[in-house]
Amino acid sequence: MPLILGPISAIIAFIIAWIVISIPTWLAGKVVTPRTTTFGRAMLATLIGVVVYAIFTALFSLISPLIGVIIGFIAFLGVYKVVFNTGWVQALGIAILAIIIAFIILFLLGLIGITLPHLGPFR
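Position 54 of the sequence shown, counting from 1, maps to 189 under our numbering, and the rest follow consecutively.
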């Protein structure tokens, strides 16, 4: 029985992390493109965006790590553009706003004592 609990707990942890990571993207999408943004689209954009970013970064990092990160980010914006049915500038707005919202959420959680175990609380 313990052999089954390892993969099951990993899948549950992945799903919880995926939902939590999608919240800033959803909130940013609601601000930038309120008519086309749903939480399901935000989850889809987050999942596909991470996969696309990893693939493009890995491929183009063979040329140069900086070029890999830049092209990976542009590919991530392309995912936002397609999923949220927006332009490039709006996709960039969603990405920047999602990062800002994520930092605000993490800061507020740190203020009430909820932190990542290895980082410790903000003081």
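Glycine included, each C-beta is placed from N, C-alpha and C at the ideal position.
Residue j beta carbon less than 9 Å from that of residue i
i    : j    : result
I205 : A163 : no
T221 : V167 : yes
A177 : I146 : no
T181 : F219 : no
G184 : F149 : no
Segment limits, alpha helix (DSSP H) that includes residue i
i    : result
F219 : Where F219 is concerned, there is no enclosing alpha helix (DSSP H), given that its DSSP letter is neither H nor E.
R176 : F174 to F195
Exposure label - residue i; buried when at least 16 CB within 10 Å
i    : result
T173 : exposed
W161 : buried
L194 : exposed
G207 : buried
A233 : buried
Close Cβ partners of residue i (< 8 Å) along its chain, the five nearest in sequence each way excluded
i    : result
I202 : F195 and S196
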